[in-house]
Every structure is written in C-alpha cells, then in structure tokens.
DNA sequence: TATTGTTATACTCTATAACTATA
DNA sequence: TATAGTTATAGAGTATAACAATA
C-alpha cells in the first residue's frame, strides 16, 4: 500500500483519523532527524535559533511575546534569551512605558547569524527536497502552513 | 497573502530553501504542540508509544532494530523497553540464534493500548483537521509520507 | 576482536512554584 | 492586587562512555 497517494477521494473525510496518525508519527520522527542533522556551526539550539528568527522579522519583542509566539513558558524563554544575550546575538532593554517588560532586540551579529544559518541549517533539509517535483513541494508548503496554523492555534 | 498557495510555478525549484525553512519551523512547533496536547490516558511517553506502534505492526523486533527504526541510540531504547516491560506492554526474550540479541514483542495489553490510544491520542489532531478540504488532507498525507521517508532515510 | 545490549552519568529542553519589581 | 519577568528546582528524553555477555 503506497503511503503517498495523492488521491482526493470523495470520502476523504473518513481518512482524517489515518491522516492524523501518519502526520503525528512523521512529525515526531522528522523533528528528531532535524535535531540530529543540525550543523554545529554555532552554539545555538534549535529553539534559540527560532527565537532569533522571530526577532529577525520583528526587530524587537517583549520576552512575554516571544514566549507566547514560541509556545513556551516564560522561564524557558528567559533561559533562551540569556543564552542569546551571552553570545551577543540579542540585547535586552527595559520597557519604556511599562518598566516590568523586557524588550529583546536582535544585534547585527544576530542578523548575520540568522542569514548564515538559514542557508547552512536548511541545507540538509533542502538537499532532501531536491528531487521532489513541483506538486510535492506544493504539498509540503501547504502542509507546513496548516501545521503552523494548528500548532499556534 | 495566503501562505498555502498551491501554485506549481515553473521555477518551483527556487522555492526549495523557503519550503525547507517553513517546513522545519512548522515541524518543530507542531511536535511541541502534539506533546502538550497529548492525553495522559496512560503513562506512556510519545516515544514509547511509537515503539509500541512499531511492535504492533511487526510483532517482534530486536532492541537494536527498534533503536534504528526510531533513530535513537541503544541505551535510549533500553530505557523505553524497560518502561514498556514494567507496564506489561511488551516482553523481552533472548534471541535464539544469537543470544546477545534481545527480542522484544508486544503483549495483548500492548495491542489493546495501541488500538485504544491511536483513537484517543489522535483525537485532538483529528479534530484540528476536521475543517480541512480534501485537497488539504491530501497535501498532509503526501507531506507525511515525504517526511517519513526523509526522517528514516 | 567485534557486536549486542546494559549501566552509569551527564546534558538539553521544558515545566511548575516561589519570588522581585513594577503597575 | 495583578502582571512581567526571574530564580530555583525538578522531570522527561536523549546522548556518550564504560562495561558485560556472546559471537
């Protein structure tokens, strides 16, 4: 039984439990593989790189906003930001209107790291995608979008 | 701009780095969400359940084969199998031809647990998929298949 | 000697609870 | 009193290194 049938059966709804199952399994394995294949070009964890990526897009965010975005608890984000700050990838500053807040912004070093690492860190995965056809790439893009929505809902 | 455009551009190849990037990010977030949303119906971790699922399909495997399949190191698999054995979900027995090997097989309790948990543990995810259309489900199925292949390659 | 699995140990990531400082 | 973030602590999951038993 082929696992990648691109059928759009009329009763596709009945496939939902099966899709849920294979999706869950593949996500678990994929994430472990991605963690293993990661280049140790820098000392940043996957989570820290995700934070840096968010700051690359948004420039400056509060620690709480970062925690919410990455769906981790504040203490976990504190740790990641500590690590990033020690490495000179981000800087903290006190909020102006609300001085309880901590505003985290990305440094030039952080920016360079994001650019460099996006290339090198996605290189392995991109290499795995090289032989896919346009439809398969489109399926991955769609799936990524759906997963992103589900994960952050 | 929708993020899930099913375009099959002629130069889709140039999208590979971007697809790799969004796929990686969404996989990381999805896996965390799945871990969080998991029902604590039983005391089995996600990894242990994956092992049980493999044994559900294969009946009996060596510990080394399980470790290779789940892409963990042997000590990690030893731990998971210990846990599963303590719970009565699997049994160990010594290999017959090669007595260094440990053959792990699933018990009836393990089988029941797989069936029951596949339903309940995928329930949350399935619920998230309920509003998707047939094309989106097909995309997820295709993506899962590709990820499975990449993760186990 | 090489291989299969186990034990001992440590590391990473994450969480909850208790705390500090602002609001 | 409530909120933003930090510190302290614990737990889950994984890895590497050293070891035991068998090939």
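Protein chains in written order, with the numbering used here: chain X, 74 to 226; chain Y, 74 to 226.
Where a beta carbon is used, it is the ideal one built from N, C-alpha and C, also for glycine.
Residues of the region 131-163 of chain X whose Cβ lies closer than 9 angstroms to any Cβ of chain Y, in chain order = If the cut-off is 9 angstroms between Cβ atoms, the region 131-163 of chain X has 143, 144 and 145 near chain Y.
Review point. Would you say the region 135-151 of chain X touches the region 206-215 of chain X, given that touching needs at least three Cβ pairs under 8 angstroms?
Key: These segments do not touch.
Cβ of residue 118 of chain Y within 8 angstroms of any chain X Cβ:
It does not: the Cβ of residue 118 of chain Y has no partner Cβ on chain X nearer than 8 angstroms.
>> Checking 8 angstroms against the spacing of the C-beta atoms, do residue 202 of chain Y and residue 224 of chain X come in under that value?
In response: In this structure, residue 202 of chain Y sits away from residue 224 of chain X, with a CB-CB distance that is not shorter than 8 angstroms.
**Prompt:** Going along chain Y, which residues have a C-beta under 7 angstroms from residue 88 of chain X?
**Reply:** Among the residues of chain Y, those whose CB is under 7 angstroms from the CB of residue 88 of chain X are 210, following chain order.
| task | Could you list the residues in the region 89-100 of chain Y with a C-beta less than 9 angstroms from some C-beta on chain X, going in chain order? | result | Answer in chain order: 89, 90, 91, 92, 93, 94, 95, 96, 97, 98, 99 and 100.
Practice item. Could you tell me whether any non-hydrogen atom of the ligand FMN is closer than 7 angstroms to the CB of residue 128 of chain Y? Key: Within the structure as shown, the ligand FMN is missing, as the structure has no ligands at all.
Between the region 117-127 of chain X and the region 156-167 of chain Y, are three or more C-beta pairs nearer than 8 angstroms?
By the criterion of at least three beta-carbon pairs nearer than 8 angstroms, the region 117-127 of chain X is not in contact with the region 156-167 of chain Y.
* When the Cα atoms are used, what is the spatial distance from residue 184 of chain X to residue 164 of chain Y? -> Rounded to whole angstroms, residue 184 of chain X to residue 164 of chain Y spans 52 angstroms at the Cα level.
My assumption, with CB atoms under 8 angstroms, is that residue 135 of chain Y sits in contact with residue 187 of chain Y. Please give the rounded CB distance. At roughly 20 angstroms, the Cβ-Cβ gap does not stay under 8 angstroms, so residue 135 of chain Y and residue 187 of chain Y are not in contact.
What does a CB cutoff of less than 7 angstroms around residue 121 of chain Y pick up in its chain, not counting 5 residues either side in sequence? 153, 156 and 157.
Would you call residue 143 of chain Y buried or exposed, if buried means 16 or more other Cβ atoms sit within 10 Å of its Cβ? Residue 143 of chain Y is classed as buried because its beta carbon has at least 16 other beta carbons within 10 Å across all chains shown.
- request: Using a threshold of 8 angstroms, state whether the C-beta atoms of residue 177 of chain X and residue 221 of chain X are closer than that.
  value: Cβ atoms of residue 177 of chain X and residue 221 of chain X: not closer than 8 angstroms.
On the DSSP letters alone, give me the boundaries of the beta strand (DSSP E) that residue 176 of chain X sits inside. From DSSP, the beta strand (DSSP E) with residue 176 of chain X extends over 175-179.
Next on the checklist: Quick check: the Cα distance between residue 149 of chain X and residue 190 of chain X, rounded to an integer number of angstroms?
Outcome noted: Rounded to whole angstroms, residue 149 of chain X to residue 190 of chain X spans 22 angstroms at the Cα level.
Between residue 107 of chain Y and residue 213 of chain X, is the Cβ-Cβ spacing less than 8 angstroms? In this structure, the beta-carbon distance from residue 107 of chain Y to residue 213 of chain X does not fall below 8 angstroms.
Where does residue 217 of chain X fall in DSSP's three states? Residue 217 of chain X falls in the helix class under three-state DSSP.
inquiry  = List, from N- to C-terminal side, the alpha helix (DSSP H) runs of 4 residues or more that fit wholly inside the region 112-145 of chain Y.
reply    = Contiguous alpha helix (DSSP H) elements confined to the region 112-145 of chain Y occur at 119-131 and 136-143, taking only those with 4 or more residues.
Checklist entry - What's the call for residue 195 of chain X, buried or exposed, on a 16-neighbour Cβ count within 10 Å? => result Per the 10 Å Cβ criterion, buried.
At which residues does the beta strand (DSSP E) containing residue 164 of chain X begin and terminate? 163-167 is the span of the beta strand (DSSP E), which, as asked, contains residue 164 of chain X.
* **Whole-angstrom distance between residue 98 of chain X and residue 89 of chain X, CA atom to CA atom** => When rounded, the distance between both Cα atoms is 14 angstroms.
Do residue 216 of chain Y and residue 216 of chain X have their beta-carbon atoms positioned less than 8 angstroms apart in this structure?
By the CB criterion at 8 angstroms, residue 216 of chain X and residue 216 of chain Y fall inside the cutoff.
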